[in-house]
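Beneath this line is the structure, given in structure tokens, with notes to follow.
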Amino acid sequence: MASHSEQTLLDALAECYGIVPEYHDNWGARHIISAQTKRDILRAMGVRTDDAEALQAELAVCEQAAWVEPCDPVLVVRDGEGNKTWSFRMPAAEQDDDDLRVRWELRDERGASQQHGTVGPGVSMADSRWIEGRRYVRVEVPVPVGLPLGYYDIFAWGSSSGAQTEGQLRLIVAPSACYAPIQFEAAVRGWGLVVQLYTLRSGRNWGVGDLGDLAEVVDWAATDLRADVIGVNPLHALRNERPYHISPYNPTSRLYFNGLYVDVERIPEWTESAAARRWFYDARVQERLERLRAGDVVDYDAVSRLKREALDLIFTEFESIHLAVHPEGLTFKTPRGKAFLHYIQEEGEALEAFAVFLALMEEMHRRDPSCWDWHAWPEAYRRPDSPDVGAFREAHASRVRFFQFVQWVMHEELDAVMDRARRRGLSLGLYHDMALGSDRSGSDAWVFQDLLALGADCGCPPDAFALDGQNWGLPPVVPSRLRAGGYRMFIAMIRKGLKYGGALRLDHVMGLFRLFWIPRGLPASAGAYVQYPWEDLLAILALESVRHQAVIVGEDLGTVPDWVKEKLTAARVLSYKVLYFERAWDGSWKKPSDYPAQSLAVVTTHDLPTLAAFWSGADLELRASLGLYQDEAARKEAWQSRHADRQRLLDALRTEGLWPEPGAESDASPSEMTPGLSCAIHTFLARTPSWITLVTLEDLIGQMSQVNVPGTVEQHPNWSRKIPSSLEVLRLNPSIRRLTETFRALRGMA
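See the structure below:
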């Protein structure tokens with residue numbers, strides 16, 4: 037057990053690193069964080085906690101950083117905010133105060149000098165402190181006024197009696213809030229369709245919905261549905277291996293995309309490659325294609341192998357026709373080759389590191405088929421900046437280019453779909469989804485390992501939804517390291533999420549404020565909240581949102597403190613409202629008019645039952661069959677609660693004059709979902725003042741199967757069950773037309 041003084045040091049160090057000392061759960065119970073949890077989380081951050089001496093040394097480093105570092109890593113200024121200063125700190129003897137001066141230069145994102153200046157000599161210091169026998173002074177320097185929105189670097193040089201101190205600061209000038217279309221301000225409300233892209237069937241895809249199918253959905257939404265937006269599941273890069281590496285919320289990278297979604301036949305080189313065409317028309321390949329198209333679930337492994345074979349052939353053709361490899365470097369032979377080289381130059385080190393990782397993963401798996409985790413690679417390859425990785429990159433340059441090529445093709449096809457949506461009149465275009473984190477065995481964790489706490493997972497404490505809490509298996513970002521790096525990783529991921537659409541949903545938006553850390557290998561009950569620099573992160577979000585003219589939606593389900601809701605509202609981040617959860621204190625459904633305007637409203641989500649399953653109780657039967665209830669009493673209670681919920685929902689529909697249907701002989705509760713009841717419920721949602729309302733494709737067609745059942749892996753076909761009908765058939769479905777007429781009548785931004 038720690039001594040009193042050691043406990044005091046531990047508490048102070050935990051506070052210094054943002055570990056919240058206690059929290060209240062869903063039932064109001066207070067949980068005080070144990071000393072062991074604090075030690076475990078600090079160790080995951082790379083902080084020594086072995087004994088009192090180590091704690092004292094680490095605490096000194098944490099507390100003194102604000103003085104021994106010449107500049108803070110980042111300063112955020114809101115547009116129009118005046119009288120702001122930035123701090124510069126340097127060693128100075130008392131007799132040298134009259135000689136203090138600070139020279140600075142401001143450079144923009146291109147590295148061009150924009151302003152410069154000098155304060156002093158004789159500048160008045162704001163404060164001073166003695167640290168280990170040395171005196172440090174702090175000087176406040178005015179931030180230049182009237183700067184355009186954007187990112188800047190301030191380079192500073194301080195001098196005192198000939199001694200020089202150099203520092204650098206990232207300055208972020210951000211708008212006061214995120215972007216919102218002018219139609220929203222005028223109370224015009226939009227609506228759209230949400231699709232899980234991989235579930236789409238068509239007569240031409242290769243066994244998984246792809247970007248060609250998404251283009252068809254855009255046409256359908258524009259022509260028949262007259263929607264404003266199409267939402268898609270996260271398109272992040274995945275390993276595409278059942279059952280553990282197919283969840284779009286546990287990606288290998290959030291910076292790059294899943295090549296499984298490439299529409300191979302839209303790649304220009306597809307028609308240029310005789311080898312690819314011969315391969316495609318081989319009877320064995322056609323047999324594989326037909327089998328994959330006919331399957332009721334996506335065979336990720338088989339589809340991935342098939343598309344990899346095709347892409348290998350296409351890239352060989354591309355490289356031979358459009359590129360020239362010389363001893364002095366790579367050049368282009370055609371305009372298309374030039375476009376590819378421009379893309380990889382624009383993406384820079386991030387794309388190269390991603391491609392090197394995939395090439396390394398492929399090679400390591402070739403050597404050892406059981407090796408799928410970079411932590412198990414030879415030591416020399418576990419860091420992206422190692423000499424051996426550099427040598428591998430040079431020796432396998434063509435293979436690295438292949439993986440860059442796949443991302444370029446994804447970029448071209450996504451860009452084309454986005455452009456198609458805008459040209460066809462979808463006012464918001466595509467609505468993307470960003471996962472909270474990345475797989476610890478994936479590319480992001482390898483590339484950004486110095487920013488991550490690989491000795492911890494993130495999740496949530498026990499609540500009514502998950503009595504044992506949840507562990508999502510994602511390594512959290514260390515807040516201090518993220519800030520020290522100028523938030524570059526966060527900025528890059530937000531930019532990529534906004535690049536190809538008009539709206540972006542952030543999964544678990546509370547992660548901008550605080551995140552529940554769980555020491556690796558321990559239950560959720562052993563976790564604690566860690567605070568994040570939310571003011572800076574919201575400012576960056578606002579800046580990127582305004583730059584991209586894209587709406588931000590924050591998934592704020594669960595326990596969210598009122599002050600956090602207020603900050604998100606002020607930042608113009610749309611709240612995420614799910615019909616199932618929008619209840620009054622007595623369990624009754626809230627009226628449509630009770631929904632906030634600044635929100636996105638949906639009936640259900642990927643982790644919840646479809647409307648048909650909710651109404652029939654099929655989800656409860658599934659949970660029982662999977663053994664997800666603690667006991668028989670819990671199962672019975674769930675059924676009783678569902679019966680009451682159905683009655684309450686019908687009461688809410690009656691209050692709105694939506695039930696019974698006109699001409700109906702009875703207003704009794706149907707045992708199964710009917711087209712009329714589904715239409716009434718969606719009309720209820722369409723009447724809300726929410727800026728955006730979405731309907732899932734599963735609910736449009738009355739599907740029973742749930743997209744994902746939390747708490748299961750192999751017991752349920754999560755993230756893989758296809759919709760039963762092809763896109764061609766869906767466009768002829770009269771029930772879909774009837775339901776969407778409701779949205780067209782009540783909503784529409786066009």
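Using this note's numbering, read the sequence shown as starting at 37 and increasing by one per residue. Glycine residues also receive a C-beta, built at the ideal position from the N, C-alpha and C atoms. Predicted model only: the values in this text are computed from it and were never measured.
For residue i, three-class secondary structure by DSSP
i	result
Glu58	strand
Trp755	coil
Leu296	helix
Glu130	helix
Ile728	strand
Leu229	strand
Ala637	strand
Ile530	helix
Val265	strand
Leu325	helix
Glu219	Here residue 219 is Gln; the residue named in the question, Glu, does not match the sequence. Three-state DSSP puts Gln219 in a helix.
Ala273	strand
Met37	Note that Met37 scores 43 on pLDDT, short of 50, meaning its location in the model is unreliable; the coordinates nonetheless yield the value given after this. Coil at Met37, not helix or strand.
Val97	helix
Pro555	strand
His468	strand
Ile77	helix
Leu768	coil
Ser714	helix
Gln683	helix
Pro208	Correcting the residue identity first, residue 208 is Ile in this sequence and not Pro. Looking at Ile208 - three-state DSSP - the assignment turns out to be strand.
Leu111	strand
For residue j and residue i, believed in contact at Cβ under 8 Å, the rounded distance
i	j	result
Val339	Leu328	6 Å
Asn286	Gly509	7 Å
Glu794	Ile350	There is simply no residue 794 to check, as the chain begins at 37 and stops at 786 in what is shown.
Pro498	Ser561	6 Å
Ala471	His432	Going by Cβ atoms, the distance from Ala471 to His432 rounds to 29 Å, so no, they are not a contact pair.
Ser356	Met785	Contact doesn't hold; Cβ gap of about 47 Å is too wide.
Thr121	Val177	6 Å
Gly118	Val181	6 Å
Proximal residues to residue i (C-beta, below 8 Å), its chain only, five neighbours per side dropped
i	result
Met546	Asp592, Gly594, Val596 and Val600
Lys613	Tyr631, Pro632, Ser635, Leu636, Ala637, Val638, Thr724 and Ser726
Lys157	Lys is not the amino acid found at residue 157; the sequence shown has Pro there. Around Pro157: Asp134, Asp135, Leu136 and Arg137.
Whole-angstrom distance between residue j and residue i, CA atom to CA atom
i	j	result
Trp755	Pro184	43 Å
Ile190	Ala688	58 Å
Thr605	Phe441	40 Å
Met37	Ser212	Low local confidence applies: a pLDDT of 43 at Met37 is under 50, so the model's placement there is unreliable, with the coordinate-based value given in what follows. Taking the straight line joining both Cα atoms gives about 48 Å.
Leu466	Ile772	20 Å
Gln72	Asp86	11 Å
Asp260	Arg583	31 Å
Thr729	Leu656	26 Å
Gln92	Cys98	10 Å
Gln200	Pro423	34 Å
Val265	Ala427	46 Å
Arg671	Pro746	17 Å
Ser677	Trp63	18 Å
Proximal residues to residue i (C-beta, below 6 Å), its chain only, five neighbours per side dropped
i	result
Gln150	Leu142 and Asp144
Asp132	Ser196 and Ser197
Leu610	Val589, Gln634, Ser635 and Leu636
Ser652	Glu708
Close Cβ partners of residue i (< 7 Å) along its chain, the five nearest in sequence each way excluded
i	result
His447	Tyr379
Glu449	Leu247, Val298, Asp299 and Arg302
Leu78	Leu49, Ala50, Tyr53 and Thr85
Leu487	Val513, Val514, Arg517, Leu518, Gly521 and Met525
Ala492	Ile77, Ala80, Pro511, Pro512, Trp553, Ile554, Pro555 and Arg556
Phe484	Met525
Glu168	none
Counterpart residues of residue i in DSSP-defined beta bridges
i	result
Asn507	Gly495
Trp625	Arg619
Gly203	Ala192
Ile167	Arg170
Arg550	Gln567
His281	Glu277
Arg541	Asp469 and Val589
His152	Glu141
Gly186	Val209
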